[in-house]
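Counting from 1, position 15 in the sequence shown corresponds to residue 15 in the UniProt record's numbering; the numbering is continuous, with no gaps. Built from N, CA and C at the ideal position, the CB exists for glycine as well. From a predicted model like this one, the values you see are computed outputs, not experimental measurements.
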Amino acid sequence: MNDTSKSTKSVGAIARCFKRYCEIHQSLLDRATPHVTVRWGVALLLALSYCIRVYLLQGWYIVTYALGIYLLNLFIAFLTPKIDPAIDDTAEDGPSLPTKANEEFRPFMRRLPEFKFWYSASKSIIIGLFCTLFEALDIPVFWPILVMYFIILFTITMKRQIKHMIKYKYIPFTHGKAVYKGKEDSGKVISS
1 MNDTSKSTKS
11 VGAIARCFKR
21 YCEIHQSLLD
31 RATPHVTVRW
41 GVALLLALSY
51 CIRVYLLQGW
61 YIVTYALGIY
71 LLNLFIAFLT
81 PKIDPAIDDT
91 AEDGPSLPTK
101 ANEEFRPFMR
111 RLPEFKFWYS
121 ASKSIIIGLF
131 CTLFEALDIP
141 VFWPILVMYF
151 IILFTITMKR
161 QIKHMIKYKY
171 IPFTHGKAVY
181 KGKEDSGKVI
191 SS
């Protein structure tokens, strides 16, 4: 009876510690949310440290290739709209009011939001750095072939994504979009 009460107490203590860790982790993520440039700067530093580590150790090319493929998939999900226009055009939600060429304002909603993109990319780079600590994951491979495969995969994937953007006329970035301003000040100063 005494052994079960000790194990129950230790399980409860572990659960409390894990819960506290999760609360601290979420609090840090919540505080980091508005600081976009700082977050991406940290992710860039992580990626740079990973590249330097792989370059200096001259290995872990399979891990690097897998990390590159994962980051490419995240980037494609970041560029893709949440509701695919190819599917949305065929399944309308009933009658709609006529608009000019049926183009109404719909904000671009991403399939993978920016914060989740940053968080997943940072986690994957940290996991990649962790994987470089184990010699068993340093599988010998002719790395120029992996680089060639990745470049081909990147070009084909981005070509398909750009064609999709052109076909359905959406721009996933805010740079270069039209900005409408309110009434201009006429220059008159009203004094009270």
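- When DSSP states are grouped into helix, strand and coil, ARG110 belongs to the strand group.
- The criterion of a C-beta distance shorter than 7 Å is satisfied by PRO172 and PHE108.
- DSSP, read as helix, strand or coil, puts PRO144 in helix.
- Using a C-beta cut-off of 8 Å, the stretch 144-155 makes contact with the stretch 51-70, since at least three inter-stretch Cβ pairs fall below that distance.
- Put simply, the stretch 120-133 touches the stretch 40-50. At least three CB pairs are less than 8 Å apart.
- Checking the DSSP bridge columns, you'll see PRO81 partnered with ARG110.
- In this structure, TYR65 places its C-beta atom within 7 Å of the C-beta atom of LEU146.
- If the five residues before and after ARG53 are omitted, its C-beta is found closer than 6 Å to the C-beta atoms of THR132, all from its own chain and listed in chain order.
- If you draw a straight line from the Cα of LYS169 to the Cα of ILE83, it comes to about 14 Å.
- Sequence-distant partners of GLY59 (beyond 5 residues in either direction) whose C-beta falls short of 6 Å from its own C-beta, in its chain, are ASP138.
- In this structure LEU112 is in contact with LEU74, their Cβ atoms being roughly 6 Å apart against a cut-off of 8 Å.
- The C-beta of ALA121 has 16 or more other C-beta atoms within 10 Å across all chains shown, which makes the residue buried.
- About 38 Å separates the CB atoms of VAL11 and ILE62; that is not less than 8 Å, and the two are not in contact.
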